[in-house]
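Chains as they are written, first to last, in the numbering used here: chain A, 1 to 166; chain B, 1001 to 1318.
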């Protein structure tokens, strides 16, 4: 998998989004990888609206089987969602369930005018009708469910993608 | 012996008491409560966590605040809440506690929030559910007799952590009617679990249980002495309804010696916080100038209580 240079994909994503940025554009990252990515996009695109972050733990459809174990982070939407133009940012698009949860949570803050999805990489394996308007790379062959694609962030802020066994 | 509060995986099954509750679970409840404090600021003050769950508030003893905060917590988690004021229902007609429980189980209850005048009633229900093979139903103790009030103890710990961050250097004083207080017992257990090095109780001798020192607290009979340099003052309510016999001369006398006034509070550290579980008896255990003063965190306690109860409910209802 030679295309997994996260820094290069990040640069590609910036250029994909740039033509569509307006003063009203807002970004919301999904914890944790999506927040790192959203921070980078926020700076690179010179977004003036404050950056939001979402932890979808409470909105996941598998809460009943997984329970509340891992430490959840605070969802923080520091702008008015009613009528907003929102780009949800995540590192990897897989089943689409995380995106669904994030959209549901976002709507509990108000009714946005428009919601788009930006991801670094689409690994295939969708289980819901979810589409990323901005996607830096789509794997030509879907990654098998036995493997996970994970975004890492080094201390210096360098982004890295790696494949690990699930 | 099997800890009746934990399942075989060591996870929280019921919340009955803070006595013997492992430290990591206690801290996990406080950690999980933090993000819930933000829900109240949303356009839709609800999370879908407990959607489709039925929670029965079983209050065999009157309480408005505790029942209301449990109800709000459950509703903010999207659960369906049924309030049973049992003192005016079947029990008054002679139905036994466990028969009431069996009937509610037949109505597909997922969780019971129980308050009872008898110590151990929530434990009895938990034990009964286990014997019936109903480990899918959870029990939260909302106060039983003089025994325990674990969610109050937890929200008090959340409040202390919010204002003081670290427990390991604190001096905490619990003041007032310790004898009748389930709140005090839960507070002492939690403070010890979290490593508070100096826990004091301040009360007249008649309102202290014998051998209270064995819980790991220092006993003071004098406010001026006991409050010296404390970081946290936890007031207790004078439980008039539980007093029978001449434990105290008059409320006025109590106020004079053990009521928290600005003058007595000046003995504590200048940044000390003042807590009270409510409802307050102004002019008995606490002076209005203190209750409404800058050091009081009594209303934040109520708000934090909702988040803490949301955390407990969502950890139970897996």
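Built from N, CA and C at the ideal position, the CB exists for glycine as well. On a predicted model such as this, the values are computed, not experimentally measured, just so you know.
Smallest Cα separation from residue i: which of the options?
i               : options                               : result
residue 1150(B) : 1283(B), 1296(B), 1020(B) and 1010(B) : 1020(B)
residue 1300(B) : 1168(B), 1029(B), 1212(B) and 1275(B) : 1275(B)
residue 1187(B) : 1086(B), 1008(B) and 1018(B)          : 1018(B)
residue 1106(B) : 1056(B), 1023(B), 1066(B) and 1211(B) : 1056(B)
residue 1158(B) : 1309(B), 1065(B) and 1204(B)          : 1309(B)
residue 82(A)   : 58(A), 73(A) and 107(A)               : 107(A)
residue 1175(B) : 1049(B), 1022(B), 1219(B) and 1084(B) : 1219(B)
residue 1062(B) : 1041(B), 1072(B) and 1116(B)          : 1116(B)
residue 1259(B) : 1008(B), 1164(B) and 1286(B)          : 1286(B)
residue 1211(B) : 1307(B), 1194(B), 1178(B) and 1190(B) : 1178(B)
residue 131(A)  : 72(A), 93(A) and 158(A)               : 93(A)
residue 1229(B) : 1281(B), 1236(B), 1264(B) and 1120(B) : 1264(B)
residue 1120(B) : 1254(B), 1315(B), 1015(B) and 1273(B) : 1015(B)
residue 174(A)  : 44(A), 147(A) and 157(A)              : Missing from the structure shown is residue 174(A); chain A here goes from 1 to 166 and no further.
residue 21(A)   : 9(A), 48(A), 7(A) and 33(A)           : 48(A)
residue 1044(B) : 9(A), 34(A), 111(A) and 45(A)         : 111(A)
residue 87(A)   : 73(A), 103(A) and 161(A)              : 103(A)
residue 1231(B) : 1172(B), 1071(B), 1094(B) and 1118(B) : 1172(B)
residue 1280(B) : 1305(B), 1238(B), 1073(B) and 1307(B) : 1238(B)
residue 24(A)   : 134(A), 133(A), 79(A) and 117(A)      : 79(A)
residue 34(A)   : 127(A), 98(A) and 145(A)              : 98(A)
residue 1180(B) : 1284(B), 1034(B), 1193(B) and 1143(B) : 1143(B)
residue 1033(B) : 1283(B), 1295(B), 1161(B) and 1064(B) : 1161(B)
Please compile the residues from chain A whose C-beta is within a distance smaller than 9 angstroms of the C-beta of residue i.
i               : result
residue 1047(B) : 58, 59, 105 and 108
Mind listing the chain B neighbours of residue i? Cutoff is C-beta to C-beta under 8 angstroms, in chain order.
i             : result
residue 74(A) : 1034, 1035 and 1038
Check the Cβ of residue i against every Cβ in chain B and list those closer than 9 angstroms, keeping chain order.
i             : result
residue 55(A) : 1035
Using a cut-off of 7 angstroms between C-beta atoms, extract the partners of residue i located in chain B.
i             : result
residue 71(A) : 1031
residue 63(A) : 1049
How many Å lie between residue i and residue j at the Cα?
i               : j               : result
residue 143(A)  : residue 1311(B) : 36 angstroms
residue 96(A)   : residue 166(A)  : 17 angstroms
residue 11(A)   : residue 1010(B) : 46 angstroms
residue 1047(B) : residue 1076(B) : 6 angstroms
residue 1030(B) : residue 85(A)   : 35 angstroms
residue 55(A)   : residue 27(A)   : 14 angstroms
residue 1039(B) : residue 105(A)  : 11 angstroms
residue 1290(B) : residue 1233(B) : 11 angstroms
residue 1208(B) : residue 1249(B) : 16 angstroms
residue 1199(B) : residue 30(A)   : 42 angstroms
residue 1126(B) : residue 1101(B) : 10 angstroms
residue 16(A)   : residue 91(A)   : 15 angstroms
residue 149(A)  : residue 1052(B) : 33 angstroms
residue 1042(B) : residue 1252(B) : 45 angstroms
residue 1066(B) : residue 1277(B) : 10 angstroms
residue 1078(B) : residue 1314(B) : 11 angstroms
residue 1302(B) : residue 1316(B) : 21 angstroms
residue 1205(B) : residue 1184(B) : 15 angstroms
residue 152(A)  : residue 1152(B) : 40 angstroms
residue 1069(B) : residue 1201(B) : 27 angstroms
residue 1190(B) : residue 1170(B) : 13 angstroms
residue 1292(B) : residue 1164(B) : 20 angstroms
residue 1268(B) : residue 1221(B) : 16 angstroms
residue 1002(B) : residue 1166(B) : 31 angstroms
residue 1192(B) : residue 36(A)   : 39 angstroms
residue 1217(B) : residue 1224(B) : 17 angstroms
residue 137(A)  : residue 13(A)   : 9 angstroms
residue 156(A)  : residue 62(A)   : 34 angstroms
residue 46(A)   : residue 52(A)   : 15 angstroms
residue 133(A)  : residue 116(A)  : 6 angstroms
residue 1064(B) : residue 1074(B) : 15 angstroms
residue 41(A)   : residue 127(A)  : 27 angstroms
residue 1099(B) : residue 1129(B) : 12 angstroms
residue 140(A)  : residue 39(A)   : 28 angstroms
I want to check one thing, is the minimum distance from the CB of residue i to the heavy atoms of the ligand FMN below 7 angstroms?
i               : result
residue 1080(B) : The model depicted lacks the ligand FMN and carries no ligand whatsoever.
Indicate whether at least one CB of chain D lies closer than 8 angstroms to the CB of residue i.
i               : result
residue 1237(B) : Checking the listed chains, one finds no chain D in this structure; the protein chains it contains are A and B.
Residues, ordered as in the chain, of the stretch 1023-1044 of chain B that lie near chain A by beta-carbon distance below 8 angstroms = 1031, 1032, 1034, 1035, 1038, 1042, 1043 and 1044
Decide if the stretch 1054-1074 of chain B is in contact with the stretch 106-121 of chain A; the criterion is three or more beta carbon pairs, one per stretch, under 8 angstroms apart.
-> no
Are the stretch 1108-1116 of chain B and the stretch 1128-1142 of chain B in contact at 8 angstroms, needing three or more beta carbon pairs?
-> yes
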